[in-house]
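Numbering (the working numbering), first residue to last: 23 to 478. For every residue, glycine included, the Cβ atom is placed at its ideal position computed from N, Cα and C. Quick notes on the structure that follows.
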Ligand code: FES
Ligand SMILES: [Fe+2]
């Protein structure tokens, strides 16, 4: 007996992701053979107040941002003792600092004297010194210097240490959690470490990093990148080479991880027959990676196989590693995961993207969207210095971020939508959003998890 979601999926046109993967020349890793549609989700409208009210925002701070694991930086950003990154989330802030070759701490970024923000910038330091009266702490957070100590006889210097957030690492990312009683990162990550064994993010380094102020709530921004339903209307240029409506949406056991697998090198099921060479031509027109290369599809050959073989060879050359056995799917498809609440690492080798979404300060109607590109390290583990973030404003194009390439076109199209969605939501007389059952099942899953945290 099919589940209600399976009955809905059966109504779609075109080959499923699993059917396409089964026909690929190079077979995919086990994690891509898992098809895990959501089960038993609600179909109720999703209340809209979550996207603009200060009340929702304030509760999210307490129940989500102060309770969940969040990616604060990459390990390659803090290789040496004293290297640190400042991670801000709404009004909270931590200094993530390497305290020894094997240890990283996250100190609350507020002076114990009168509350001053201790660090404002990333860099390297030998100690943490407040710029106002000069109280100083060691990298380990222990009090190291107190000017005019004679005036503080009431302070126990042994206990005047910087409070800390929890720290964990996975996949080359450093995570923090403000909750001293939080679940360990290892179990919080659920299926992610198992799936990413195939994709090896710790062997990558951050080559591109942009952060843009977005004209919408952080959840709206994130949701815009969780489904392919909008492609036909928002990005019609990509229909010739993207399997939009036959995208696979997975919701994994646990609450924190979901995924889509979106096929590339096949046309949308909504189009009539598309010649194989045209699939390649359209992709070359839109995607800088393929542009200017000779990719000719011969009689009886498929565009997908040809593009995958081309990508494998180019990836091997640029990473100086043998990727000849890499699956077609990892070579060209869009494989995107979400780790609740706000980190989206991509799998495969084709699109080495990472997204992160946060509220912009205390404003529920603005957010910060970050896009990073993680390139493969050399076989000996060496790599250029990681990229510093390029901050761009509300009205700036993603093209202002060096290295974004043609991905900027699509992301700018999504940003234009988001402004309209945020504006439209405030005008709505209908109290909720009506979600598609399958194509928006990851968004539903995200909100079910969000609501569970908010109810705690
Ligand atoms: S506020 Fe930090 S030393 Fe005074
Ligand atoms: Fe989009």
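Name the one or two DSSP bridge partners that residue 191 has.
For the purposes of this step, residue 191 is identified with residue 169 of the chain shown, where counting begins at 1. DSSP links residue 191 through a beta bridge to 196.
Quick check: the stretch 125-139 against the stretch 107-116, are there 3 or more CB pairs under 8 Å?
Flag = yes, the stretch 125-139 and the stretch 107-116 touch.
Any heavy atom of ligand 1 within less than 7 Å of residue CB: hits in chain order:
Every residue with a CB closer than 7 Å to a heavy atom of ligand 1 is listed here in chain order: 133, 135, 136, 137, 138, 152, 154, 155, 156 and 157.
Quick one: grab the DSSP three-state call for residue 461.
Numbered from its first residue, the chain shown carries residue 461 at position 439. DSSP, reduced to helix, strand and coil, places residue 461 outside both helices and strands of the structure shown, so it counts as coil.
Counting only the same chain and skipping the five closest in sequence on each side, list residues whose C-beta sits under 8 Å from that of residue 292.
Here residue 292 refers to the residue found at position 270 when the chain shown is read from its first residue. Excluding sequence neighbours, residue 292 sits near 35, 254, 261, 266 and 267.
According to DSSP, simplified to helix, strand and coil, what is residue 30?
In the chain shown, residue 30 corresponds to position 8, counting from 1. In this structure, residue 30 counts as helix in the three-state DSSP scheme.
Tell me which residues share the same chain as residue 163 and place their Cβ nearer than 7 Å to its Cβ, disregarding the 5 neighbours each side in the sequence.
If you number the chain shown from 1, residue 163 lands on position 141. Residues of the same chain with a CB within less than 7 Å of the CB of residue 163, apart from the 5 flanking positions on each side, are 127, 129, 183, 184 and 186 in chain order.
Consider the Cβ of residue 56: report whether some Cβ of chain C lies at a distance smaller than 9 Å.
Protein chain content of the structure displayed is limited to a single chain, and chain C is not contained in it.
Could you give the distance in angstroms between the alpha-carbon of residue 249 and the alpha-carbon of residue 167?
Locating residue 249 in the chain shown gives position 227, counting from the first residue. Locating residue 167 in the chain shown gives position 145, counting from the first residue. If you take the alpha carbons of residue 249 and residue 167, they lie about 53 Å apart.
When the Cα of residue 438 is compared with those of 148, 171, 242 and 122, which residue comes out closest?
One-based indexing of the chain shown puts residue 438 at position 416. For residue 438, the nearest C-alpha among the options comes from 242.
Can the beta-carbon of residue 459 be found less than 9 Å from the beta-carbon of residue 30?
Locating residue 459 in the chain shown gives position 437, counting from the first residue. Locating residue 30 in the chain shown gives position 8, counting from the first residue. Closer than 9 Å, so yes.
If you measure from the CB of residue 142, is any heavy atom of ligand 2 nearer than 8 Å?
Residue 142 sits at position 120 when you count from the first residue of the chain shown. No, the beta carbon of residue 142 sits no closer than 8 Å to any heavy atom of ligand 2.
Starting from the N-terminal side, write out each stretch of the beta strand (DSSP E) that is 3 residues or longer and does not extend beyond the stretch 362-406.
Correct list: 365-369, 375-382 and 385-398.
State the DSSP-derived secondary structure class of residue 328, mapped to helix, strand or coil.
Mapped onto the chain shown, residue 328 falls at position 306. Correct three-state label for residue 328: helix.
Over what stretch of residues does the alpha helix (DSSP H) that includes residue 293 continue unbroken?
Start at 1 with the first residue of the chain shown, and residue 293 comes out as number 271. Note, residue 293: premise wrong, no alpha helix (DSSP H); not H, not E.
Give me the residue from 473, 221, 240 and 252 with the minimum Cα distance to residue 396.
Sequence index remark: in the chain shown, residue 396 carries index 374 (1-based). The closest CA to that of residue 396, considering only 473, 221, 240 and 252, is found on 221.
Take the Cβ of residue 369 as the centre, count every other Cβ of all protein chains shown within 10 Å, and call the residue buried at 16 or more, exposed below.
The residue given as residue 369 occupies position 347 in the chain shown. Classification for residue 369: buried.
Residue 229 versus 373, 307 and 238, residue with shortest Cα-Cα distance:
Here the question's residue 229 lines up with position 207 in the chain shown. Measuring from the Cα of residue 229, the nearest candidate turns out to be 373.
For residue 398, the nearest candidate out of 33, 161, 223 and 40 (CA to CA):
Your numbering for residue 398 matches position 376 in the chain shown. That would be 223, whose Cα lies nearest to the Cα of residue 398.
Residue list, Cβ distance to ligand 2 heavy atoms smaller than 7 Å
The set, ordered by position in the chain, is 246, 247, 252, 253, 256, 257, 432, 435 and 436.
Three or more C-beta pairs closer than 8 Å, one from the stretch 70-79 and one from the stretch 437-454: is that the case here?
Between the stretch 70-79 and the stretch 437-454, the count of C-beta pairs closer than 8 Å reaches three or more; the two stretches touch.
Starting from residue 158, trace the beta strand (DSSP E) both ways and give me its first and last residue.
Walking along the chain shown from the start, residue 158 turns up at place 136. Residues 158-160.
For residue 409, collect the residues of the same chain with a Cβ closer than 6 Å to its Cβ; drop the 5 residues on either side in sequence, then sort them by chain order.
Translated into positions along the chain shown, residue 409 becomes position 387. Within its own chain, the residues whose Cβ lies closer than 6 Å to the Cβ of residue 409, once the five positions on either side in sequence are excluded, are 228, 229, 230 and 231, listed in chain order.
Which two residues bound the contiguous beta strand (DSSP E) that contains residue 227?
Residue 227 sits at position 205 when you count from the first residue of the chain shown. Per DSSP, residue 227 belongs to the beta strand (DSSP E) from 226-236.
Rounded straight-line distance, which links the Cα of residue 365 to that of residue 197
Counting from 1 along the chain shown, the entry for residue 197 is found at position 175. Counting from 1 along the chain shown, the entry for residue 365 is found at position 343. Distance between the alpha carbons of residue 197 and residue 365 is about 10 Å.
The stretch 38-56 touching the stretch 318-332, judged by at least three CB pairs closer than 8 Å
Using a Cβ-Cβ distance cut-off of 8 Å, the stretch 38-56 and the stretch 318-332 are in contact, since at least three pairs of beta carbons, one from each stretch, lie closer than that value.
In or out: residue 172 buried (at least 16 other Cβ within 10 Å) or exposed?
The residue you call residue 172 lines up with position 150 of the chain shown. Around the beta carbon of residue 172, fewer than 16 other beta carbons sit within 10 angstroms, so the residue counts as exposed.
Could you work out which residue in 468, 137 and 158 is closest to residue 115 when comparing CA atoms only?
Position 93 of the chain shown holds residue 115. Nearest to residue 115 by alpha-carbon distance, out of 468, 137 and 158, is 137.
Rounded to a whole number of angstroms, what is the C-alpha to C-alpha distance between residue 294 and residue 300?
Here residue 294 is taken as the residue at index 272 of the chain shown, counted from 1. Here residue 300 is taken as the residue at index 278 of the chain shown, counted from 1. Taking the straight line from one Cα to the other gives about 13 Å.
What residue range is occupied by the uninterrupted beta strand (DSSP E) comprising residue 281?
The residue given as residue 281 occupies position 259 in the chain shown. DSSP places residue 281 in the uninterrupted beta strand (DSSP E) bounded by 279-286.
As a quick exercise: from 87, 161 and 59, pick the residue whose alpha carbon is nearest that of residue 102.
The residue given as residue 102 occupies position 80 in the chain shown. Among 87, 161 and 59, the Cα nearest to that of residue 102 is on 161.
Cβ neighbour criterion (16 or more within 10 Å) applied to residue 344:
As a position in the chain shown, residue 344 is number 322, starting the count at 1. With fewer than 16 Cβ atoms within 10 Å of its Cβ, residue 344 is classed as exposed.
In chain order, what residues of the same chain lie with their CB nearer than 7 Å to the CB of residue 148, ignoring the 5 residues before and after it?
Counted from its first residue, the chain shown places residue 148 at position 126. The answer, listed in chain order, is 104.
Leaving out five residues on either side along the sequence, give the residues of the same chain with a beta carbon under 7 Å from the beta carbon of residue 68.
Start at 1 with the first residue of the chain shown, and residue 68 comes out as number 46. If the five residues before and after residue 68 are omitted, its C-beta is found closer than 7 Å to the C-beta atoms of 454, 455, 457 and 469, all from its own chain and listed in chain order.
When the Cα of residue 467 is compared with those of 275, 302 and 378, which residue comes out closest?
Your numbering for residue 467 matches position 445 in the chain shown. Nearest in C-alpha terms to residue 467, of all of 275, 302 and 378, is 275.
Which class does residue 335 belong to by DSSP, given the choice of helix, strand or coil?
By 1-based counting over the chain shown, the position of residue 335 is 313. Residue 335 falls in the helix class under three-state DSSP.
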